[in-house]
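Asks:
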DNA sequence: GCCGTTTTCGGCCCGACTGTTTTCAGTCG
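Residue numbers (the UniProt record's numbering): 1 to 590.
1) Determine whether the beta carbon atoms of residue 107 and residue 16 lie at a separation below 8 Å.
2) Report yes or no: do the segment 296–312 and the segment 325–340 share at least 3 C-beta pairs separated by less than 8 Å?
3) List the endpoints of the continuous beta strand (DSSP E) containing residue 235.
4) Using the three-state DSSP reduction, which class does residue 493 fall into: helix, strand or coil?
5) Contact between the segment 410–422 and the segment 451–468: three or more CB pairs below 8 Å?
6) Please report how far the alpha carbon of residue 339 lies from the alpha carbon of residue 38, in whole angstroms.
7) Go through its chain and collect everything with a Cβ distance to residue 313's Cβ below 8 Å, but skip five positions before and after it.
8) State yes or no: is the C-beta of residue 491 within less than 8 Å of the C-beta of residue 158?
9) Should residue 430 go down as buried or exposed, given a rule of 16 or more other Cβ atoms within 10 Å for buried?
10) Alpha carbons only, please: which of 41, 33, 81 and 165 is nearest the one belonging to residue 527?
11) Going by C-alpha distance, which of 99, 301, 172 and 165 is nearest residue 142?
12) For residue 267 versus residue 333, is the C-beta distance shorter than 8 Å?
13) Taking the alpha-carbon of residue 36 as reference, which of 265, 281 and 576 has the nearest alpha-carbon?
14) Using CA coordinates, which residue listed in 315, 236 and 322 is at the minimum distance from residue 274?
15) Which of the three DSSP states is assigned to residue 581 in this structure?
16) Are the CB atoms of residue 384 and residue 578 within a distance shorter than 8 Å?
17) Taking 7 Å as the limit between beta carbons, can you name the residues of its chain near residue 7, skipping five residues before and five after?
18) Could you give the DSSP three-state label for residue 387: helix, strand or coil?
19) If you reduce the DSSP assignment to three classes, tell me which class residue 556 lands in.
20) To which residues of the same chain is residue 222 closer than 7 Å at the C-beta, ignoring the five residues directly before and after it?
21) State the Cα-Cα distance for the pair residue 285 and residue 207, rounded to the nearest angstrom.
22) Thinking residue 556 and residue 357 are a contact (beta carbons under 8 Å), I'd like their distance in whole angstroms, please.
23) Could you name the residues of the same chain whose beta carbon sits closer than 6 Å to that of residue 539, not counting the 5 residues immediately before and after it, in chain order?
24) Given this structure, state the Cα-to-Cα distance separating residue 119 from residue 148, to the nearest angstrom.
25) Can you round the beta-carbon distance between residue 401 and residue 365 to whole angstroms, since I take them to be within the 8 Å contact cut?
Structural data, given as structure tokens:
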């Protein structure tokens, strides 16, 4: 589906060129949206094009359809090329510089001929940018510092890293005597796989506590730079260059602020539009009747002087907008508002629905704990079952098991299983899916196992047809219960296998083979969009931590985060079955 | 540029903070 990605990229760049040209922000937003739609699509855009269905995709209108059609036919867009000749390509990277926006970039370009980051640095250093309207020393210094930070920046953080930073800050803020509530919001609360910055929402016990809380926050020891500080908000950078924002609001406005800063932006825009349709207005302070709000006194940093329709909790705001409560993970403008309006939101899976982990490793291959240690940790998690799935023989670097060692390992797992009555142990294996889709052991060896996860580990740069044939062949193998990390991708590190997902899902649904959401924050594979499409196609999902030690079992939370973003219910996920049902699921294929 | 169960034209979400200004534009989320 590289075509979808190419087009998504085209529209992203198109929107950025339009920003720099000073086009209407609504045009810019429209193309940004098309870029996002293409990026999230689980079918090949070419299919929609060939069926003449481009128009029926919401958000894609006349212009976008024309551009997409031309690009599919010729691999180019003359409209994009035309715009690209009027705006230097070197300006695009400048949009990533914090504090520097399209207006200023265009000013530098038109007044001083700056068309690259290098030229910008040079111009700041030799002082030639001074004297431009609205450009002072502080602004130039700010740009230089932002550039310096970009050089060292690590980019977006993985969700587990961001979570650890956020919980640490939340816990320390909670201990302050001035603080009544504090929660993390933003993309972390929505369980996105990577996090650009952490947003904290905080209420003081008294409305006057804001300034004091902001001050304490900006003086935490790991703060390396204060980006901004007021009475209701503050932003800092940690030593590693990670940004943390805090918003401080009165307790009665906490829900509205939490809602607003949880986002996503697209979700918020839809909510606000809905408020307007109903004669109300929604902002970070609350939901107000438009007439009350217009009359109200407004002072920066204070709630408007009007009685809100709702503001204390998120649920209140949703209810007054005529909507079911929408879980943070669903707030991406992917149909959740329509579903909430008609009371048809799914009952999302929760961490407490999970009864066991079906993919983990022990010292028999590359894990760090023994079977007993893993079992006891699983019991500690409250699990009813656990599958031990060490690596198969071709994973030499991970001490993959030879046939002899595998058979001995199976016996050892069964022996341990008899000792622990409170949990059911499955003697399993994570079997390699070879490049052509064959498995790493003969069928008579696989027949000795209770449970099989089959995973791709190498040959991860195959083309679409080869990769899809490979995975489908493994799906259809009668002993395979779960395809582990089906695309092999690693978050921000390695691209996924380019699978034809419609074929994969159809095969998995027909064969009764589950697809994994690997809960390791480095993998999160399947991702949210694909997991949702899989479940819609009737595929069962398995969420597993792939633990190599006992400390990794709690990573299940990140897999649950992906599942909730994928709108999954407990009924979609085999880890939520009781032991009897799970055994039936396994037996059904053999 | 996109959209429409009042609309095919005229809307489209809103506030805080900074830096540059003497009332506001730009940027950010």
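Ideal placement from N, C-alpha and C gives every residue a C-beta, glycine not left out.
Replies: Based on what the coordinates show:
1) Translated into the one-based positions of the first chain, residue 107 becomes position 107. Translated into the one-based positions of the first chain, residue 16 becomes position 16. No, the pair does not count as a contact, with Cβ atoms beyond the cut-off.
2) no
3) Numbered from 1 along the first chain, position 235 holds the residue referred to as residue 235. Residues 233–238.
4) In the first chain, counting from the first residue as 1, residue 493 sits at position 493. In the structure shown, residue 493 sits in coil (DSSP, three-state: anything other than H, G, I, E or B).
5) no
6) For the purposes of this step, residue 339 is taken as residue 339 along the first chain, with counting starting at 1. For the purposes of this step, residue 38 is taken as residue 38 along the first chain, with counting starting at 1. Answer to the nearest angstrom: the Cα atoms are 22 Å apart.
7) Residue 313 sits at position 313 when you count from the first residue of the first chain. So the list reads 254 and 255, once near-sequence residues are dropped.
8) Position 491 of the first chain, counting from 1, holds the residue named residue 491. Position 158 of the first chain, counting from 1, holds the residue named residue 158. Yes.
9) On the first chain, residue 430 is found 430 positions in, with the first residue counted as 1. Its Cβ being crowded by 16 or more others within 10 Å, residue 430 is buried.
10) Looking up residue 527 in the first chain gives position 527. Ranking the options by Cα distance to residue 527, first place goes to 41.
11) Along the first chain, read from residue 1 onward, the residue named residue 142 stands at position 142. Residue 99 is the option with its Cα nearest to residue 142.
12) As a working note, residue 267 is residue 267 in the first chain. As a working note, residue 333 is residue 333 in the first chain. A contact, by the Cβ cut-off of 8 Å.
13) What you label residue 36 is simply residue 36 of the first chain in a count that begins at 1. Of 265, 281 and 576, the residue nearest in Cα terms is 265.
14) Residue mapping note: residue 274 aligns to position 274 of the first chain, counting from 1. Comparing Cα-Cα distances from residue 274 to each of 315, 236 and 322, the minimum goes to 322.
15) Position 581 of the first chain holds residue 581. Three-state DSSP puts residue 581 in a helix.
16) Looking up residue 578 in the first chain gives position 578. Looking up residue 384 in the first chain gives position 384. Their beta carbons are under 8 Å apart, which means residue 578 touches residue 384 by this criterion.
17) On the first chain, residue 7 is found 7 positions in, with the first residue counted as 1. Closer than 7 Å at the Cβ level, and outside the excluded window around residue 7, lie 38, 45, 68 and 71.
18) As a working mapping, residue 387 is identified with position 387 in the first chain. Three-state result, residue 387: strand.
19) Here residue 556 is taken as the residue at index 556 of the first chain, counted from 1. Residue 556: helix per DSSP, three-state reduction.
20) Along the first chain, one-based indexing puts residue 222 at 222. Contacts found: 238 and 239.
21) Residue 285 sits at position 285 when you count from the first residue of the first chain. Residue 207 sits at position 207 when you count from the first residue of the first chain. Cα to Cα, residue 285 sits roughly 13 Å from residue 207.
22) Translated into positions along the first chain, residue 556 becomes position 556. Translated into positions along the first chain, residue 357 becomes position 357. Residue 556 to residue 357, Cβ: 7 Å. Contact.
23) By 1-based counting over the first chain, the position of residue 539 is 539. Closer than 6 Å at Cβ, skipping near neighbours: 505, 508, 509 and 515.
24) Within the first chain, numbered from 1, the residue matching residue 119 stands at position 119. Within the first chain, numbered from 1, the residue matching residue 148 stands at position 148. So the two alpha carbons sit approximately 15 Å from each other.
25) Counting from one through the first chain, the residue named residue 401 turns up at place 401. Counting from one through the first chain, the residue named residue 365 turns up at place 365. Yes, residue 401 and residue 365 are in contact; Cβ-Cβ is about 6 Å, under 8 Å.
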